[in-house]
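Participant: Keeping their order, the protein sequence lines are chains A and B. Residues 60 to 553, numbered by my numbering, are exactly what the first sequence covers, in order. Residues 107 to 374, numbered by my numbering, are exactly what the second sequence covers, in order. The beta-carbon is built from N, C-alpha and C at its ideal position, and this holds for glycine as well.
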Amino acid sequence: MNNKMRVTSNLSAVERRQIPRHDMETFRRIVAEALSAGQRVVSFFGCKTGDAGTTELLMVLADDANSTVGLLSTVVNGSRFESMTPACPQLHLFEREIFEQFSLRPEGHPWLKPVRYPHGDMPAGTGDFYRVEGEAVHEVAVGPVHAGIIEPGHFRFQCHGEEVFHLEIALGYQYRGIEEALGNGANPRGVHLAETIAGDTSIGHSMAYCQTLEALAGREAPVKAQVIRAILLELERLANHTGDLGALSGDIAFLPTASFNGRIRGDFLNMTALLCGNRFGRGAVRPGGVGCDLEYARAKSLQKALAQGMADVRNAVELLFDTPSVLARFEHTGTVPASVASAFGAVGPAARASGVAQDIRTDHPSGFFRFAQIPMMTCDTGDVYARAYVRWLEIQQSVRFIEEVACDLPDGILRTELGPLRPDHVAVSMVEGWRGQLTHVAITDAEGRICRRKVTDPSFHNWSLLAYALRNQQISDFPLCNKSFNLSYCGHDL
Amino acid sequence: MIDVIKARWFQKYRTIKYPMAPPPPLPERFRGVPVVQTQRCQKECDACIQACPVQALERMPGRSCIVTDLGRCIFCGACQDACPSQAIFFDRDHRMSTDKRGDLLVSQERQLPLARGMSDAIHRVLGRSLKLRQVSAGGCNACEADVNVLNTLAWDLGRFGIQFVASPRHADGMLITGPVTRNMASALQATYDAIPTPKIVIATGACAISGGLFRGHDACLDGVHGIPVDLFIPGCPPHPLTILDGLLRLIHRLPADEPADRDPQGGF
């Protein structure tokens, strides 16, 4: 295996020259073998090389069973390479991204079109859409501006009456140039930009960002900071899962839980603000540690608020799952079988709801999760019910975790100096955000400056699942299916 | 049904009394408006100006006074951490919305003039019923989330006659978030054009006001330009109370001439 890929673990930096560089044919073969052996694509992206006309393609694979990460690369000469998507569907969006960012055409890609429309030559949401033809078939176009207070995206439905045959999702409206800004030396806005990759995942992305820098510098955050980070990450999960269960309830017009959870979500956000002053955790995670302490008295207040929050959310959510009319709408709606979820490389609660047992906190633990485990929660029906129920199970686990650790913090400092980053190294950092696995890959140049950062939000893996889930569903169930994934537009668009 | 009633009883009545009663307490570590007290400054020290990731601090030409642009500020506290002489304080006041972009420039010598809201002529038409269309033009979803919070039962925005609506044709105005990405510019303009006049525009968050963290990015247009803005709500993201305060000032539901009592150490 060693000459095929550089095997390492989450959060360790490896020398760039140790990553095996294969010719395209061998690269394809190794990737196909690894995926058929159960590995997953974590990231696949292009890097500039010193030579004009060539591009390096770097693949990051995760072996969940062995808690390892594998890196391998290939170099493309010219402007085309043979697409791997027909054999490995989970690469479809990564290849489209490479096509868009590096003008490399993946020959044989079944649906090649832009991802984010970043160049200004083509307005977002334009180009070909897959069409179903027929006498009674009609097309419904929604967006970019949606009806609620929500981010922009374009949805194109091919319908037969109320039934959806096909849904295509076109994004890119939120493209802000984050990856470019973070991949060019030390940007003073760095950690702040990481916090805004997806505002509802500020903690998750800032953790992944800081952990790449720590790995490249060969340092670790102090233990106390690692515990505080873990608490913040679980608080973020609590707020969002609670909000999602309320929103799912709202989408089927079950107003009690929708109303209660809308408020309780705010209570969890306020617990994050208790730690750092900001409801979304801005300023909490900093390179080398954290920006806020959790003193004993504050931890006690947190525990008290958490107990109240848990009592409220238990009452609201048990009402939801005890109501037959709710179950009638949740069950068998938007079903994604495990085989499809795996084929698309699904991550997070959406994958676990389809029975794909995979959680970075368990499979590739980093930071404090190496010492304190949170049990992985799965369902197997893959429908809206499963995605809702997995969230409820995870809420209970997160509360239990915070209750256990919050008042028992180790002593010590909150932050360490990082010092210079090691030159010509690659660091991979995966974090189980509330939406699932989010990945930052950072590469340094010969001077130890960041020369490339690849950010992969869980939404990037999961948007295709939403499109799949809508097949043969009523179009009126779109909001419900959409909310059951609750994917990020800005996290995808960067 | 009986379970719903029991749950309703358990969850209690939770809508805040504000503005009839004091607002809910802010978090202890909340960062309000930052002011540089230049008499405490060390000579020739520009540490805060250098530390600011979004260039929100600037020294007045030829003067020692340092001006903070709340339209750029992301309230991260980097200036406070960098200051060697504890000359920077973030106050604990949630109120910071203004009528004009220039009003967001504050210093030791110039307090924040809070928004006075709509003109009386507009107020007669929209003051008691204001329907808004929200457009996220590159927002990270934090501003959007804390605008959405105002629709929960804890805040119950509807009791002030303010409602977010699904169509610009039903709207009296638009609340914009995000730095206005190139990919959203035409959709934003089309939404604005579709709203019947007279119309109100609210720029919410550092991104919509100045581009925020994305100012200078090729992919963005540095906030709202070419559309007249009636209310600026700074923050990254603004606290829900800050947004509510701005909206209530807009419709004259809060006294406009109330002095801003900004005690750097104090709280509610």
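#1: Below 8 Å, how does it come out for the segment 309–321 of chain B and the segment 262–282 of chain B: are there three or more Cβ pairs, yes or no?
#2: Is the shortest distance between the beta-carbon of Leu259(B) and the beta-carbons of chain A less than 9 Å?
#3: Could you check whether the segment 460–468 of chain A touches the segment 476–485 of chain A, counting it as contact only if at least three pairs of C-beta atoms, one from each stretch, sit closer than 8 Å?
#4: Could you check where the alpha helix (DSSP H) with Pro346(B) kicks off and where it finishes?
#5: Below 9 Å between beta carbons is the criterion; list the residues of the segment 341–365 of chain B that meet it against any residue of chain A, in chain order.
#6: Does the segment 217–225 of chain B come close enough to the segment 178–190 of chain A to have 3 or more Cβ pairs within less than 8 Å?
#7: Helix or strand or just coil, what does DSSP make of Gln371(B)?
#8: How do the segment 360–370 of chain A and the segment 416–425 of chain A stand: do at least 3 beta-carbon pairs fall below 8 Å, yes or no?
#9: Quick check on DSSP: helix, strand or coil for Asn531(A)?
#10: Which of the three DSSP states is assigned to Asn541(A) in this structure?
#11: Starting from Ser132(A) and walking both ways along the beta strand (DSSP E), at which residues does that stretch end?
#12: Which value, in whole angstroms, describes the spacing of the CA atoms of Arg75(A) and Gly202(A)?
#13: For Val415(A) and Gly322(B), I'd like the C-alpha separation in whole angstroms.
#14: Give a yes or no on whether 9 Å exceeds the smallest Cβ distance from Val142(B) to chain A.
#15: Note down, in chain order, each residue of its chain lying with its Cβ closer than 8 Å to the Cβ of Ala113(B), except the 5 sequence neighbours on either side.
#16: Compile a chain-ordered list of the residues in the segment 209–239 of chain A whose CB is closer than 9 Å to at least one CB of chain B.
#17: Can you give me, in chain order, the residues of the segment 167–192 of chain B that have a beta carbon less than 7 Å from any beta carbon in chain A?
#18: From Ala229(A) to Leu163(A), what does the alpha carbon distance come to, in whole angstroms?
#19: Could you check whether Gly352(B) and Ile339(B) sit closer than 9 Å to each other, using their CB atoms as the reference points?
#20: To test your reading of the DSSP string, which unbroken beta strand (DSSP E) runs of 3 or more residues are found completely within the segment 96–121 of chain A?
#21: Using 8 Å as the Cβ pair cut-off and three pairs as the minimum, do the segment 533–543 of chain A and the segment 152–161 of chain A touch?
#22: Could you check if Ser213(B) is buried or exposed, using at least 16 other CB atoms within 10 Å of its CB as the buried criterion?
#23: Would you tell me roughly how many angstroms separate the C-alpha atoms of Lys63(A) and Arg155(A), rounded to the nearest one?
#24: When you compare the CB positions of Ser170(B) and Cys185(B), do they come within less than 9 Å of one another, or not?
#25: Which residues bound the alpha helix (DSSP H) around Leu304(A)?
#26: Quick one: complete beta strand (DSSP E) runs, 3+ long, within the segment 140–167 of chain B?
#27: Of all the residues that make up the segment 365–380 of chain A, which are near chain B by a beta-carbon distance shorter than 8 Å?
#28: Which residues in the same chain have their Cβ closer than 8 Å to the Cβ of Leu327(B), if we skip the five residues on either side of it in sequence?
#29: Tell me which residues share the same chain as Asn136(A) and place their Cβ nearer than 7 Å to its Cβ, disregarding the 5 neighbours each side in the sequence.
#30: Going by C-alpha distance, which of Leu337(B), Glu134(B), Val173(B) and Gly168(B) is nearest Cys158(B)?
#31: Please confirm whether Gly223(B) has its beta-carbon closer than 9 Å to some beta-carbon of chain A.
#32: Listed from N- to C-terminal order along the chain, which residues in the segment 120–140 of chain A have their beta-carbon within a distance smaller than 7 Å of any beta-carbon of chain B?
#33: What are the residues that DSSP puts in a beta bridge with His496(A)?
#34: Are three or more beta carbon pairs between the segment 245–259 of chain A and the segment 434–443 of chain A nearer than 8 Å?
#35: Go ahead and label Val199(A) buried or exposed: buried means 16 or more other beta carbons lie within 10 angstroms of its beta carbon, across all protein chains shown.
#36: Would you report the Cα separation of Arg207(B) and Pro247(A), rounded to the nearest angstrom?
Facilitator: Walking through what the data contain:
#1: yes
#2: As a first step, residue 259(B) must be located in the second sequence, where it is residue number 153. Interface residue, yes.
#3: no
#4: Against the second sequence, residue 346(B) aligns to sequence position 240. It spans Pro346 to Leu356 - the alpha helix (DSSP H) in which Pro346(B) sits, taken as one unbroken run.
#5: Cys342, Pro343, His345 and Pro346
#6: no
#7: Within the second sequence, numbered from 1, the residue matching residue 371(B) stands at position 265. Reliability fails at Gln371(B), whose pLDDT of 44 lies under 50, so the model's placement of it is uncertain and the value that follows must be treated cautiously. Coil at Gln371(B), not helix or strand.
#8: no
#9: Here the question's residue 531(A) lines up with position 472 in the first sequence. Coil.
#10: The sequence position of residue 541(A) within the first sequence is 482, counting from 1. If DSSP states are grouped into helix, strand and coil, Asn541(A) belongs with the helices.
#11: The count along the first sequence starts at 1 and reaches residue 132(A) at position 73. From DSSP, the beta strand (DSSP E) with Ser132(A) extends over Thr127 to Asn136.
#12: As a working mapping, residue 75(A) is identified with position 16 in the first sequence. As a working mapping, residue 202(A) is identified with position 143 in the first sequence. One C-alpha to the other measures close to 43 Å.
#13: Your numbering for residue 415(A) matches position 356 in the first sequence. Your numbering for residue 322(B) matches position 216 in the second sequence. Those two C-alpha atoms are separated by around 42 Å.
#14: Here residue 142(B) corresponds to residue number 36 of the second sequence, with the count starting at 1. It does not: the Cβ of Val142(B) has no partner Cβ on chain A nearer than 9 Å.
#15: By 1-based counting over the second sequence, the position of residue 113(B) is 7. There are no such residues.
#16: Ile209, Glu210, Pro211, Gly231, Tyr232, Gln233, Tyr234, Arg235, Gly236, Ile237 and Glu239
#17: Ile180, Cys182 and Gly183
#18: Here the question's residue 229(A) lines up with position 170 in the first sequence. Here the question's residue 163(A) lines up with position 104 in the first sequence. Answer to the nearest angstrom: the Cα atoms are 20 Å apart.
#19: Counting from 1 along the second sequence, the entry for residue 339(B) is found at position 233. Counting from 1 along the second sequence, the entry for residue 352(B) is found at position 246. Yes.
#20: 99–107
#21: no
#22: In the second sequence, counting from the first residue as 1, residue 213(B) sits at position 107. Per the 10 Å Cβ criterion, buried.
#23: As a first step, residue 63(A) is located in the first sequence; it is residue number 4 there, counting from the start. As a first step, residue 155(A) is located in the first sequence; it is residue number 96 there, counting from the start. Spanning the two alpha carbons is a distance of roughly 25 Å.
#24: Looking up residue 170(B) in the second sequence gives position 64. Looking up residue 185(B) in the second sequence gives position 79. Result no, Cβ atoms of Ser170(B) and Cys185(B) do not sit closer than 9 Å.
#25: Mapped onto the first sequence, residue 304(A) falls at position 245. Its alpha helix (DSSP H) spans residues Val282 to Asp310.
#26: 140–142 and 163–165
#27: Asp371, Asn374, Ala375 and Leu378
#28: Within the second sequence, numbered from 1, the residue matching residue 327(B) stands at position 221. For Leu327(B), where only same-chain residues beyond five positions count, the Cβ hits under 8 Å are Pro285, Val286, Thr287, Arg288, Ala291 and Gly317.
#29: Within the first sequence, numbered from 1, the residue matching residue 136(A) stands at position 77. Cβ neighbours of Asn136(A) beyond the five flanking positions: Gly112 and Thr113.
#30: Counted from its first residue, the second sequence places residue 158(B) at position 52. Closest option to Cys158(B), Cα to Cα, is Val173(B).
#31: Sequence index remark: in the second sequence, residue 223(B) carries index 117 (1-based). Chain A contact via Cβ: absent.
#32: none
#33: Looking up residue 496(A) in the first sequence gives position 437. The identity of residue 496(A) in the sequence shown is Gln, whereas the question assumes His. In DSSP, Gln496(A) forms a bridge with Glu491(A).
#34: no
#35: What you label residue 199(A) is simply residue 140 of the first sequence in a count that begins at 1. Val199(A) should be labelled exposed.
#36: The sequence position of residue 207(B) within the second sequence is 101, counting from 1. The sequence position of residue 247(A) within the first sequence is 188, counting from 1. Going from the Cα of Arg207(B) to the Cα of Pro247(A) covers about 25 Å.
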